[in-house]
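Each residue of the sequence shown is one higher than the one before, counting from 88 in my numbering. Cβ coordinates follow ideal geometry from the N, Cα and C atoms, glycine included. Predicted model only: the values in this text are computed from it and were never measured. Here's the structure, in structure tokens; my notes come after.
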Amino acid sequence: MVDKVEEEDRRKMALFAIGLWHNVFAVRVVG
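Listed below in structure tokens is the structure:
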């Protein structure tokens, strides 16, 4: 169960990081 929670947390962190980088990249390109 612990491994499952860790995996989900990693997935959420990865999605958050990707979204953050995507926003930064979009702002730099548009700006």
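Residue i - DSSP class collapsed to helix/strand/coil
i: G106; result: helix
Chain-order list of residues whose beta-carbon lies under 7 angstroms from that of residue i (same chain, five-residue window excluded)
i: H109; result: none
Beta-carbon contacts of residue i that lie in its chain and below 8 angstroms, excluding the five residues immediately before and after
i: E94; result: none
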